[in-house]
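Protein chains in written order, with numbering that gives the first Met the number 0: chain C, 0 to 145; chain Y, 0 to 136.
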Amino acid sequence: MAVFRLGQSWDPLRDLEREVDRLLQSVNLTFHGVRAGRKYPAVNLHESSDEYILTAELPATAPEDLELTLSNGLLTMSGQRRDEEEIPEERFRRQERPQGSWQRSLPIPERVQEEQLSADFHNGVLVIRLPKAPQEEPRQIPITSD
Amino acid sequence: MSTEQPDRSQHLVMAHQTDDSTSSSTERFVFTPPIDIFETAEGLMLRADLPGVSLDSLELQIQDNRLTLFGRVETVLPDDAAPLHREFEVGDFLRSFILSDEVDYERITARLSHGVLEVELPRAAQAEPRRIQVNAD
């Protein structure tokens with residue numbers, strides 16, 4: 000016989016809440032791992048007082064396979080993710096890591112000293128530093144009148 | 000991925016999703032890194048993408064039959080950097096695996112290069128067939 004008990008009537012809700020929390024957490028976890036349908040590589044852009052910093056995660060890309068070009072304010076990154084040897088499909092027991100070549104172009108911020116751009120690639124993380132151009136002094140415009 | 004041949008090495012390693020994300024007090028993300036597992040002549044090879052993890056910040060541990068990898072990622076940004084555009088979160092990597100007895104635990108080796116961890120899991124040598132002498136009374 001079902002008996003309504005006030006003290007415990009909210010328990011199912013609490014369980015549900017906990018369950019949803021757990022689900023959301025796992026969504027968050029896989030979001031990072033599987034980049035299906037997203038641009039590769041994902042990039043972050045940060046700004047400090049004197050530079051812009053672009054970061055991208057590029058595991059399994061050898062520095063010699065990475066190419067960076069800059070033209071007309073557009074930074075193009077290209078490269079390939081590859082392992083040293085070809086592994087036949089049938090030998091895989093689990094395959095989650097993406098493979099292949101990729102390319103992505105990004106407009107760089109204005110007021111950047113393009114010739115000062117530097118890139119560092121360590122442990123599969125690319126860090127591109129774009130130093131800001133110095134602020135120009137305000138210039139007085141002479142006004143002439145008759 | 001073919002699962003046709005009932006090869007015994009198929010169950011040498013069972014990927015195990017870690018369920019316990021660390022406490023939220025430090026507000027760090029913990030991600031499950033993508034992995035590949037494939038057969039080699041000697042056993043199995045495991046590869047995991049761990050961008051931002053250095054040799055010093057990587058922990059690889061075997062306890063009982065569980066292989067756990069934990070990679071801490073240090074930020075590459077200066078303290079005063081403010082985000083303008085964000086497509087990914089930076090966090091640590093954690094994943095563990097259950098190894099079967101057919102892996103020779105003593106000979107497991109690992110290396111880290113270009114943000115990829117490679118763990119070699121050699122197959123244990125087959126036990127020698129042994130003849131059992133049957134004695135009659």
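The beta carbon of each residue, even a glycine, is placed where N, CA and C say it ideally should be.
None of the values given here were measured: they were computed from a predicted structure.
Proximity test, Cβ basis, 8 Å: residue i and chain C
{"i": "Y:Ala123", "result": "no"}
{"i": "Y:Gly42", "result": "no"}
{"i": "Y:Leu83", "result": "yes"}
{"i": "Y:Leu66", "result": "no"}
{"i": "Y:Glu86", "result": "yes"}
Residue i beta carbon near the ligand COA (any heavy atom closer than 7 Å)
{"i": "Y:Glu101", "result": "Here there are no bound small molecules, and the ligand COA is not part of this structure."}
Where residue i meets chain C, residues with beta-carbon distance less than 7 Å
{"i": "Y:Ala80", "result": "His45, Glu46, Ser47, Ile52"}
{"i": "Y:Val102", "result": "Under the 7 Å cutoff, chain C gives no residues; its nearest Cβ is about 13 Å from Y:Val102."}
{"i": "Y:Val118", "result": "Neighbours of Y:Val118 on chain C: none; closest Cβ ~13 Å, over 7 Å."}
Within-8 Å CB hit, residue i to chain Y
{"i": "C:Val111", "result": "no"}
{"i": "C:Glu56", "result": "yes"}
{"i": "C:Glu66", "result": "no"}
{"i": "C:Ala118", "result": "no"}
{"i": "C:Gly78", "result": "no"}
{"i": "C:Thr75", "result": "no"}
{"i": "C:Arg90", "result": "yes"}
{"i": "C:Ile127", "result": "no"}
{"i": "C:Ala132", "result": "no"}
Amino acids of chain Y, ordered along the chain, whose beta-carbon sits closer than 9 Å to that of residue i
{"i": "C:Glu114", "result": "Going along chain Y, no residue has its Cβ under 9 Å from C:Glu114, so there is no contact; the nearest lies around 22 Å."}
Cross-chain neighbours of residue i in chain Y, by beta carbon under 7 Å
{"i": "C:Asn71", "result": "Under the 7 Å cutoff, chain Y gives no residues; its nearest Cβ is about 20 Å from C:Asn71."}
{"i": "C:Glu95", "result": "Pro33, Ile34, Asp35"}
{"i": "C:Ile86", "result": "Phe37"}
Assigned secondary structure, residue i (DSSP; H/G/I helix, E/B strand, else coil)
{"i": "Y:Glu117", "result": "strand"}
{"i": "C:Arg110", "result": "coil"}
{"i": "Y:Glu86", "result": "coil"}
{"i": "C:Asp64", "result": "helix"}
{"i": "Y:Tyr104", "result": "helix"}
{"i": "Y:Ser20", "result": "Residue placement at Y:Ser20 is poorly supported in this model, since its pLDDT is 44, which falls under 50; the coordinates are not used for a value here."}
{"i": "C:Glu50", "result": "strand"}
{"i": "C:Glu88", "result": "helix"}
{"i": "C:Gln115", "result": "helix"}
{"i": "Y:Val75", "result": "coil"}
{"i": "Y:Arg130", "result": "coil"}
Residue i: contacting residues in chain C (beta-carbon distance under 9 Å)
{"i": "Y:Ser53", "result": "His121, Asn122"}
{"i": "Y:Arg46", "result": "Ala59, Asp82, Arg96"}
{"i": "Y:Phe96", "result": "By Cβ distance, chain C contributes nothing, its closest Cβ being about 10 Å from Y:Phe96, past 9 Å."}
Nearest neighbour of residue i, chosen from the options [CA to CA]
{"i": "Y:Val118", "options": "Y:Arg46, Y:Ile34, Y:Phe69", "result": "Y:Arg46"}
{"i": "Y:Arg122", "options": "Y:Ile61, Y:Met44, Y:Leu93, Y:Ile34", "result": "Y:Met44"}
{"i": "Y:Leu116", "options": "Y:Gly42, Y:Phe30, Y:Leu59, Y:Ile97", "result": "Y:Leu59"}
Contact list for residue i against chain C, beta-carbon separation under 8 Å
{"i": "Y:Glu58", "result": "Going along chain C, no residue has its Cβ under 8 Å from Y:Glu58, so there is no contact; the nearest lies around 15 Å."}
{"i": "Y:Phe69", "result": "Correct list: empty, because the minimum Cβ distance to chain C is about 14 Å."}
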